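Written below as structure tokens is the structure these notes are about.
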Amino acid sequence: MKNPLALLTTVTSPHRVDIYESREVGKSDRYKYVIVRMQPYQSLDTTSATSVCQPTTNLTTMKSIALVALFVAVAFAAPQAPTEPIPILRQDSQINGDGSYQYSFETGNGISADQKGDLKKVGDVEALEVQGQFQYPGEDGQNIQLTYTADENGFQPQGAHLPTAPPVPEAIQRALAHLATAAPQAQEQ
Numbered sequence: 001m002k003n004p005l006a007l008l009t010t011v012t013s014p015h016r017v018d019i020y021e022s023r024e025v026g027k028s029d030r031y032k033y034v035i036v037r038m039q040p041y042q043s044l045d046t047t048s049a050t051s052v053c054q055p056t057t058n059l060t061t062m063k064s065i066a067l068v069a070l071f072v073a074v075a076f077a078a079p080q081a082p083t084e085p086i087p088i089l090r091q092d093s094q095i096n097g098d099g100s101y102q103y104s105f106e107t108g109n110g111i112s113a114d115q116k117g118d119l120k121k122v123g124d125v126e127a128l129e130v131q132g133q134f135q136y137p138g139e140d141g142q143n144i145q146l147t148y149t150a151d152e153n154g155f156q157p158q159g160a161h162l163p164t165a166p167p168v169p170e171a172i173q174r175a176l177a178h179l180a181t182a183a184p185q186a187q188e189q
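Positions 1 to 189 (the UniProt record's numbering) are the ones given, in order, by the sequence shown.
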């Protein structure tokens with residue numbers, strides 16, 4: 001059941017444009033009907049006029065925004081980290097007055113690390129020489145272990161999981177051996 005058409009406004013220009021509003025009983029969505037008659041200033045017959053229906057979407061838009069906000073809130077409410085803290089099973093640390101140090105730790109999820117550092121005389125300068133290792137469980141369940149040394153020659157890691165360089169082809173090895181034994185040539189200027 002519909003309410004009768006109610007005249008909202010009339011625009012007078014060379015042609016008369018009446019805007020009527022109708023609302024279905026019990027519905028909250030409103031529909032506006034624009035009835036246009038192309039005859040100057042005559043009475044409007046609503047049964048023969050053409051109408052364009054445009055639903056107002058304020059309520060629908062608000063419902064959509066509320067639904068999206070609800071989904072975003074649910075996504076952010078999901079646990080972002082493990083529920084239980086990972087225990088530290090062992091932790092040792094020692095710092096000495098001569099600049100040397102040592103530390104080690106082990107966690108409940110299989111991560112462990114050990115490192116020691118000593119001051120070393122390199123020429124006229126003292127440099128820190130560090131040796132250590134760490135291990136952790138990989139994605140496939142295998143333990144990944146890395147041992148390393150860091151000194152005046154840089155960081156030198158070693159581990160079974162690290163990629164290795166391909167072998168040098170035999171022809172290049174012969175060329176390098178020949179260049180190493182050849183006499184140096186004088187450069188022309």
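Where a beta carbon is used, it is the ideal one built from N, C-alpha and C, also for glycine.
The structure displayed is predicted, hence computed values, not measured ones.
- For residue 170, the secondary structure class from DSSP, reduced to helix, strand or coil, is helix.
- Relative to residue 150, the option among 131, 102, 175 whose CA is nearest is 131.
- Taken through DSSP and simplified to helix, strand or coil, residue 58 comes out as helix.
- For residue 114, the enclosing beta strand (DSSP E) begins and ends at 112-122.
- A distance below 6 Å between beta-carbons, with the five flanking residues on each side excluded, links residue 87 to the following residues of its chain, in chain order: 108.
- The Cβ atoms of residue 144 and residue 133 lie no closer than 8 Å to each other.
- In this structure, residue 129 keeps its C-beta atom at 8 Å or more from the C-beta atom of residue 114.
- The C-alpha of residue 171 is placed about 52 Å away from the C-alpha of residue 93.
- Going by DSSP, residue 100 is part of no beta strand (DSSP E) at all; its letter is neither H nor E.
- With respect to residue 104, residue 90 sits close: the two C-beta atoms are nearer than 8 Å.
- Cα atoms of residue 58 and residue 64: separation of roughly 10 Å, rounded to the nearest angstrom.
- If you check the CB distance, residue 137 and residue 148 do not come in under 8 Å.
- Minimum Cα-Cα distance from residue 159 among the listed residues 74, 123, 146, 78 corresponds to 146.
- Secondary structure note for residue 132: its beta strand (DSSP E) is the uninterrupted segment 125-137.
- When DSSP states are grouped into helix, strand and coil, residue 162 belongs to the coil group.
- No residue range can be given for residue 140, since it is assigned to no beta strand (DSSP E) and is classified by DSSP as neither H nor E.
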